[in-house]
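Quick note on numbering: our numbering labels position 112 of the sequence shown as 138, and the sequence is numbered without any gaps.
These notes concern the structure reproduced below.
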Amino acid sequence: MPKRLTIPTFIIVLLMMPQVFAQTKPKAVLVVHGGAGTILKEQMTDSIEKRYREKLSEALLEGQQVLRHGGTSVDAVTAVIEVLEDSPLFNAGKGAVFTAEGKNELDASIMDGGTGMAGAVASVTRVRNPIKAARAVMEDSEHVMMIGTGAEKFAASQGIEMVNEDYFFTQKRFDQHQKALGAAVQADPLQKKYGTVGAVALDRYGNLAAGTSTGGMTNKRFGRVGDAPIIGAGTYANNASCAVSATGHGEFFIRNVLAYDIAALMTYKNLTVEQAADAVVNGKLKAMSGGGGVIALDRDGNFAMPFNTPGMYRGFISMEGEPQVFIYGLEE
Ligand code: ASP
């Protein structure tokens, strides 16, 4: 017969309850996204879905290796995004979408939550891995953002690989561009325009970092710059709160400084990372009819991956665990 709990034992059990529940929530050292949008199971084939899941897992494992070997969160974010930029699946690097003029103009940024330093490039057309150029701006220049041919000259001077513009041609993105040119009105601006990539990481030194890379929105006007390279809008990191990378309709993220808003809610209102990210994505952004999502990670490994679109390519990994990857809503 089980003995009845004495009052002191009962109090100890009660005190332990929050820890017990906290342990059931997974922790991460790395969280990744591959874009939010109208991603529906019924429009996906098994083989395409598999390719996305495999590539996101590969990127997470790559970043995990970096962190396990003592790399910094900035190293991990760069490594993860590089893998995704080299894949034609995502709207970043190789798979970047086309502008209305039929060009590929790429944006990227990175921020170190430990130092508060940041770097970004916008509208580059010849840099194979824009995230590397953004990192070079952060580490090897006095500036935060460089654009267009100036950014390309700087990247080349730092030994970063340059490619011909036709490197970014992929039939899938070109067909999307042609189709969008034909459509008079775009009811859903994120329809088939997803694929921006981003990563947030926490290293063994306790430092957070965030990075984002994109080709922007399909058929954007020439010279249009989205939120991805804007610090505080599409990317933000601060050890005191969290690291954030966003995807979605960039103009909303810029006008409302949404990545920073998540960090600010944590700092000034003491919200958890989940509460803050949810308040911004499913509260503020949704109320404005802005589509998108974010990944956010705090210094204790707590994270959130909210989105208000039908799907968002996303995943996370712990220092020792296996990659966990999701695509549609209600999957986790
Ligand atoms: N946020 C990106 C932009 O507006 C697009 C996306 O995430 O799909 O450029």
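Quick reminder that beta carbons are idealized off the backbone N, C-alpha and C, glycines included.
This structure is a prediction, so every number in the text was calculated from the model and none was measured.
Per the C-alpha coordinates, the member of Glu300, Pro332, Asn328, Glu277 positioned closest to methionine 314 is Glu277. For histidine 59, the three-state secondary structure derived from DSSP is strand. Nearest Cα to glutamate 84 within the set Ile65, Gly96, His59, Lys67: His59. Here phenylalanine 194 carries a helix assignment [DSSP, helix/strand/coil]. With contacts defined as CB atoms closer than 8 Å, asparagine 130 and glutamate 75 fail to qualify as a contacting pair. DSSP, read as helix, strand or coil, puts methionine 314 in coil. Within the same chain, Cβ atoms closer than 8 Å to the Cβ of aspartate 166 are found at Gln184, the five residues on either side in sequence being excluded. For aspartate 229, there is no enclosing alpha helix (DSSP H), as DSSP marks it with neither H nor E.
With distances taken between CA atoms, aspartate 229 lies nearest to Leu56 out of Lys51, Pro52, Leu56.
Within its own chain, the residues whose Cβ lies closer than 6 Å to the Cβ of alanine 206, once the five positions on either side in sequence are excluded, are Thr244, Asn245, listed in chain order. Under the DSSP assignment, aspartate 133 falls outside any alpha helix (DSSP H), being part of the beta strand (DSSP E) whose first and last residues are 132 to 138. Its chain contains Asn130, Leu132, Phe194, Gly241 as the residues whose beta carbon lies nearer than 6 Å to that of alanine 122, once the 5 sequence neighbours on both sides are disregarded; these appear in chain order.
In the structure shown, the three-state DSSP call for aspartate 72 is helix. Of all alpha-carbon atoms in Arg281, Gly249, Gly274, Ala266, the one lying nearest the alpha-carbon of glycine 258 is that of Arg281. In terms of side-chain proximity, the C-beta atom of methionine 137 is found no nearer than 7 Å to any non-hydrogen atom of ligand 1. Following the DSSP letters along the chain, one finds glutamine 184 in no alpha helix (DSSP H), marked with neither H nor E.
Serine 271 sits in a strand when the DSSP states are folded into three classes. Pairing serine 239 with alanine 54 gives a Cβ-Cβ distance that is not under 8 Å. The count of Cβ pairs closer than 8 Å, one atom from the region 295 to 313 and one from the region 248 to 266, stays below three, leaving the stretches out of contact.
The nearest non-hydrogen atom of ligand 1 is less than 7 Å from the C-beta of alanine 254. In the DSSP assignment, phenylalanine 352 falls within the beta strand (DSSP E) that extends over 350 to 354.
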